[in-house]
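Heads up: the protein sequence lines correspond to chains X and V, in order. The letter at position 47 of the first sequence is residue 47 when you use full-length UniProt numbering, and the numbering goes up by one with no holes. The letter at position 283 of the second sequence is residue 283 when you use full-length UniProt numbering, and the numbering goes up by one with no holes. Every residue, glycine too, gets a C-beta built ideally from N, C-alpha and C. Read the structure below first, then the notes.
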Amino acid sequence: MRWLRRNLVVIAGAATLAYLILPNVVVTVFSFNKPRGRFNYTWQEFSTDAWREPCGVADMCGSLALSLQIALWATLGATVLGTLIAFALARHRFRARSAVNTLIFLPMAMPEVVMGASLGTLFLNMRIEFGFWTILTAHIMFCLSFVVTAVKARVMSMDPRLEQAAQDLYASPLQTFLRVTLPIAAPGIAAGAMLSFALSFDDFIITNFNSGPASTTFPMFVWGSAQRGTPVQINVIGTAMFVIAVGVVLIGRLAGSRRKRS
Amino acid sequence: MTDTTGGDVRLSGISKTYGSFTAVHPLDLTVPAGSFFALLGASGCGKTTTLRMIAGLENPTTGTVELGGRDVTALPPHKRPVNTVFQNYALFPHLDIYENVAFGLRRRGIKSVKKQVDETLELVELGPLARRRPHQLSGGQQQRVALARALINHPQVLLLDEPLGALDLKLRRQMQLELKRIQTEVGITFVHVTHDQEEAMAMADTVAVMNAGRVEQLGRPADLYENPETTFVANFLGTSNLIEAEVAEATDEELLLTAGEAKLRLPARRCRGAARAGDTILAGIRPEKVSLAHADEAGSVPEGRNRVQGNITDAGFMGVSTQYVVETRAAGRIAVYEQNIERDGRLVPGADVVLHWSPENTFGFDADARSIHGVQQPAGEGV
Numbered sequence: 001m002r003w004l005r006r007n008l009v010v011i012a013g014a015a016t017l018a019y020l021i022l023p024n025v026v027v028t029v030f031s032f033n034k035p036r037g038r039f040n041y042t043w044q045e046f047s048t049d050a051w052r053e054p055c056g057v058a059d060m061c062g063s064l065a066l067s068l069q070i071a072l073w074a075t076l077g078a079t080v081l082g083t084l085i086a087f088a089l090a091r092h093r094f095r096a097r098s099a100v101n102t103l104i105f106l107p108m109a110m111p112e113v114v115m116g117a118s119l120g121t122l123f124l125n126m127r128i129e130f131g132f133w134t135i136l137t138a139h140i141m142f143c144l145s146f147v148v149t150a151v152k153a154r155v156m157s158m159d160p161r162l163e164q165a166a167q168d169l170y171a172s173p174l175q176t177f178l179r180v181t182l183p184i185a186a187p188g189i190a191a192g193a194m195l196s197f198a199l200s201f202d203d204f205i206i207t208n209f210n211s212g213p214a215s216t217t218f219p220m221f222v223w224g225s226a227q228r229g230t231p232v233q234i235n236v237i238g239t240a241m242f243v244i245a246v247g248v249v250l251i252g253r254l255a256g257s258r259r260k261r262s
Numbered sequence: 001m002t003d004t005t006g007g008d009v010r011l012s013g014i015s016k017t018y019g020s021f022t023a024v025h026p027l028d029l030t031v032p033a034g035s036f037f038a039l040l041g042a043s044g045c046g047k048t049t050t051l052r053m054i055a056g057l058e059n060p061t062t063g064t065v066e067l068g069g070r071d072v073t074a075l076p077p078h079k080r081p082v083n084t085v086f087q088n089y090a091l092f093p094h095l096d097i098y099e100n101v102a103f104g105l106r107r108r109g110i111k112s113v114k115k116q117v118d119e120t121l122e123l124v125e126l127g128p129l130a131r132r133r134p135h136q137l138s139g140g141q142q143q144r145v146a147l148a149r150a151l152i153n154h155p156q157v158l159l160l161d162e163p164l165g166a167l168d169l170k171l172r173r174q175m176q177l178e179l180k181r182i183q184t185e186v187g188i189t190f191v192h193v194t195h196d197q198e199e200a201m202a203m204a205d206t207v208a209v210m211n212a213g214r215v216e217q218l219g220r221p222a223d224l225y226e227n228p229e230t231t232f233v234a235n236f237l238g239t240s241n242l243i244e245a246e247v248a249e250a251t252d253e254e255l256l257l258t259a260g261e262a263k264l265r266l267p268a269r270r271c272r273g274a275a276r277a278g279d280t281i282l283a284g285i286r287p288e289k290v291s292l293a294h295a296d297e298a299g300s301v302p303e304g305r306n307r308v309q310g311n312i313t314d315a316g317f318m319g320v321s322t323q324y325v326v327e328t329r330a331a332g333r334i335a336v337y338e339q340n341i342e343r344d345g346r347l348v349p350g351a352d353v354v355l356h357w358s359p360e361n362t363f364g365f366d367a368d369a370r371s372i373h374g375v376q377q378p379a380g381e382g383v
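See below:
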C-alpha cells in the first residue's frame, strides 16, 4: 500500500505515456504484417515485404511526394509571413492592430470543415483551377496563425533593452536584427515552423475541399484506400514518419542541452 | 571609439517631452572630461531620460548634445562614441561571456579581439568564466560583464544606468569601490544615474540632484551635503531639520534669526541668497550635528551655541547611534542622531531637554525655495 502511494505518480505517468504511444506501436507492428485479403486489420504472420517495397502500391509514393512538397513550401511561406506579422503585432502600434490580433486566431478557432468548404467555394467562384496551388494557399493560411502565436510570444517576452544594448555597442539596425533579435526569436520561429510542417503534412479536411483530380495528398490517399483495402505500405510510411519526428525532437533536445552545458 | 581618454559632455538646452508630459525641462549641463559625474534623483525625475539622450536612445525635443566638442545630436546610437551599462545589464542571453564582451569590437570590424577581451575580463576578474552564459552567473558577475562589455570599446563617455540597483547591499558597497577604482584606472568620463544618495556621494566627483525634470543643485558631494540650497536637496541627501525663522538682524558676517522664543545665529556666507531684516528664511541643521543635554544640565551648554528647548517624544536605538525625535515649541519636531559613546540614562521619551549646536553648522536658504521645488518633509522622517 505504501509502495503504491509512493509510486502513484510514476504509474500514472507510465499509463499516460502508454495511452499516447499505443496507436503508434500498433501501426509499427502491423507494418510487419502479411495480411490475407486487402485489409490489414488482423494479424496474420511476420513479414518484411512492405518494408522492402515501400512504393509497391500504385500512386502512394506520388501522393507522399506531393504531401512533402506542399508541407515544405507551406512551412516556408507561413514561417516567413508569420514571423513578419508577429514582429509587427508585438512591436508596433497601428490602427487595426487589435483587429488583426483577433483575426489571426480565426483559423485556429474555426472548424476545419467550414474553412475548407468556404475556401473551396471562393476558389470555385474565382475560377481558379484546383490543384497544388489551391492546396498550398489553404495550408499557408491555416499554418500562419500557429507561427504568429509562437513567434509573438517569444518577441513579446524579449527585453527591448537587448536591442538597445546592441545599438549602443555599434551594431547598425540590420546587424542588430541579425545578431540579436533573430537569434533570440529563433526558438519561437523553429517551433512555429515544426508545427506548420506537421499540420500541413497530415491535413485532410481542408485539403479534401481544395484539391484537384490530379493532386492527391498522402492523407487523402490513405482515406481513399481505406474504403477499398489498406496496403501495409501505409503503416510503413506512418512508422517512418513517427521515427523521423522523434529523431528531430531528440536532436533538438540534445543540441539544446549541450548548448546549455557548455 | 577614439583613443582619447575621456571627453567632456555638454548638454545645451536639452529637453524631452512626451505628449503633454515634460520628462526633462530645458537643461544645461557640462560634465568635464575624466570626471565621475552622478545624476541623482527619485524615480521619474528625468535622470534616465537625460542619460538616454546622451546615448542616443532617446531623441531630445530641443537642445543639443556635444561629446568632446563634437555635436552628436543627430547621430544614431551606434555611431556615438559612448557605451552604456544598462539597468539589469541587458546581456545577450544567446552569447557567452566572451562573445558578449567582444560584441562591440566585432561590430566595428576588428578581427583579432582575443587579447583585448582577455585583458578586459582580467580587469573585472572574470577570466575563468569566459565560456559561461549570462544566466549561469550571479548578479554581481553579470554586472561586471556589463561593465567589461562597455569598457572594452574605450568610449569617450561611459553611461551607467542604476548599475548597482539589482545587487544586495553588501555587494553594492563592494562594487561602488570597484567602480571607482576602475574609473580612476581607465580615466574615462563616467556619467552615473542613481537614486541612491549614498552611492552618488561615495563615488562621484560631482553630483547633480534632479527633481521633476530639473537640476535642483549641482556640486561636490560634501558641498551639497553641507550647503543644500533647496528643501528637496536638504532632504534627499540625508535628512535635515528645517526651521522657519525670521531675520531679526543682518550683517555681512552673521544673521540673527528668531524662531518662536529661540534666537539662532547663522553665518551669512552659509545662507543662500541675500537676506535682509524681516525676511523669512529656512534655517537647516543636520541631525548628527545637534547635541542633546538634559534640562537639568542646561547650564553646562557653552555660550554662543544655538539652543532650543524641547521634549523627547521618541528614541530609537540603532546600535552605533540613537535617533531621537524632539518636540520643540520654537522649531517643531527636530531629529537628533547621537553617537552611543556615553549614554545619558535620563534621555528617554518624556524627558525635557536642551538641543544645542554650533552656528557654524547651520545653513539657510530662502523660504521660497520650498514652494518651487517639492514639498517639505517633516523632520525626522528619514529619506
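So, does the CB of arginine 38/X fall closer than 9 Å to a CB anywhere in chain V?
-> no
CB of glycine 44/V within 9 Å of CB of histidine 25/V, strictly | no
Along the alpha helix (DSSP H) that carries valine 222/X, what are the first and last residues, could you check?
-> 218–225
Tell me whether asparagine 227/V sits in a helix, a strand or coil according to DSSP, three-state version.
-> coil
So leucine 27/V is in the beta strand (DSSP E); what residue range does that whole segment cover?
-> 21–31
Please state whether DSSP places threonine 328/V in a helix, a strand or coil.
-> strand
Residues of its chain near residue 263/X, where Cβ-Cβ distance is below 7 Å and the 5 sequence neighbours each way are ignored | The requested residue 263/X is not part of the displayed model; chain X covers only 1 to 262.
If you follow the alpha helix (DSSP H) that serine 291/V is part of, which residue opens it and which one closes it?
-> Serine 291/V -> not in any alpha helix (DSSP H); beta strand (DSSP E) instead, spanning 291–294.
Could you tell me which uninterrupted beta strand (DSSP E) segments, each at least 3 residues in length, are contained entirely in the segment 261–308 of chain V, listed from first to last along the chain?
-> Complete beta strand (DSSP E) runs here, min 3: 262–267, 280–285, 291–294.
Would you kindly work out how many angstroms separate the C-alpha atoms of alanine 102/V and phenylalanine 236/V, rounded to a whole number?
-> 39 Å
How big is the Cα-Cα spacing for residue 385/V and aspartate 314/V?
-> Past the edges of chain V, shown from 1 to 383, lies residue 385/V, and the structure says nothing about it.
Count the CB pairs spanning the segment 326–345 of chain V and the segment 283–292 of chain V that are closer than 8 Å, and state whether there are at least three.
-> yes
Find out if the Cβ-Cβ distance for the pair valine 308/V, alanine 330/V is shorter than 9 Å.
-> yes
Mind reading off the beta-carbon distance from phenylalanine 363/V to asparagine 227/V? Whole number of angstroms is fine, and I expect it under 8 Å.
-> 5 Å
With DSSP collapsed to three states, give me the class of glycine 374/V.
-> Caution applies to glycine 374/V, whose pLDDT of 38 falls short of 50 and renders its modelled position unreliable; the value that the coordinates give is listed next. Of the three classes helix, strand and coil, the one that applies to glycine 374/V here is coil, per DSSP.
Residue nearest to glutamate 246/V in terms of C-alpha spacing, selected from Gly278/V, Gln174/V, Phe232/V = Gly278/V
Determine the burial state of proline 134/V: buried for a count of at least 16 other Cβ atoms within 10 Å of its Cβ, exposed for fewer.
-> Note on proline 134/V: 16 or more other CB atoms within 10 angstroms of its CB, so buried under the neighbour-count rule.
State yes or no: is the beta carbon of threonine 280/V nearer than 9 Å to at least one beta carbon in chain X?
-> no
In chain X, which residues lie less than 7 Å from asparagine 83/V when you measure between Cβ atoms?
-> Asp168, Leu169
Taking the alpha-carbon positions, what's the valine 27/X to threonine 137/X distance?
-> 31 Å
Where valine 57/X sits in the DSSP three-state scheme = In the three-state DSSP reduction, valine 57/X falls in the coil class, being neither helix nor strand.
Interfacial residues, the segment 33–58 of chain V to chain X, with Cβ spacing under 7 Å = The residues in question are Ala55, Leu57.
Please check the pair threonine 61/V and serine 15/V, which I expect to be a contact at CB under 8 Å, by giving their CB distance rounded to whole angstroms.
-> Threonine 61/V to serine 15/V, Cβ: 5 Å. Contact.
Whole runs of the alpha helix (DSSP H) within the segment 107–180 of chain X, excluding any shorter than 4 residues | 112–125, 132–156, 160–168, 173–176
Starting from tyrosine 18/V, follow the beta strand (DSSP E) in both directions and report where the run begins and ends.
-> 9–18
Work out the CA separation of leucine 164/V and methionine 175/V for me, nearest whole Å.
-> 7 Å
Paired residues, beta bridge with tyrosine 41/X - DSSP = DSSP lists no partner for tyrosine 41/X.
Under a CB-based cut-off of 9 Å, is arginine 149/V close to chain X?
-> Among the CB atoms of chain X, one or more fall inside 9 Å of the CB of arginine 149/V.
Does the segment 252–266 of chain V touch the segment 202–212 of chain V, meaning 3 or more C-beta pairs lie closer than 8 Å?
-> The segment 202–212 of chain V is not in contact with the segment 252–266 of chain V.
Taking 9 Å as the cut-off, decide whether the C-beta atoms of arginine 108/V and tyrosine 170/X are in contact.
-> yes
Neighbour flag for aspartate 159/X against chain V, beta carbons, 9 Å | It does; some Cβ of chain V falls within 9 Å.
Determine whether the Cβ of leucine 20/X lies closer than 9 Å to any Cβ atom of chain V.
-> no
Near methionine 141/X, which residues of its chain fall below 7 Å by C-beta distance, leaving aside the five closest residues on each side in sequence?
-> Pro107
Listed from N- to C-terminal order along the chain, which residues in the segment 114–147 of chain V have their beta-carbon within a distance smaller than 7 Å of any beta-carbon of chain X?
-> Arg131
Own chain, CB closer than 7 Å to phenylalanine 209/X, minus 5 neighbours either side, in chain order = Gly116, Ala117, Leu119, Gly120
So, helix, strand or coil for leucine 95/V, using DSSP?
-> In the three-state DSSP reduction, leucine 95/V falls in the coil class, being neither helix nor strand.
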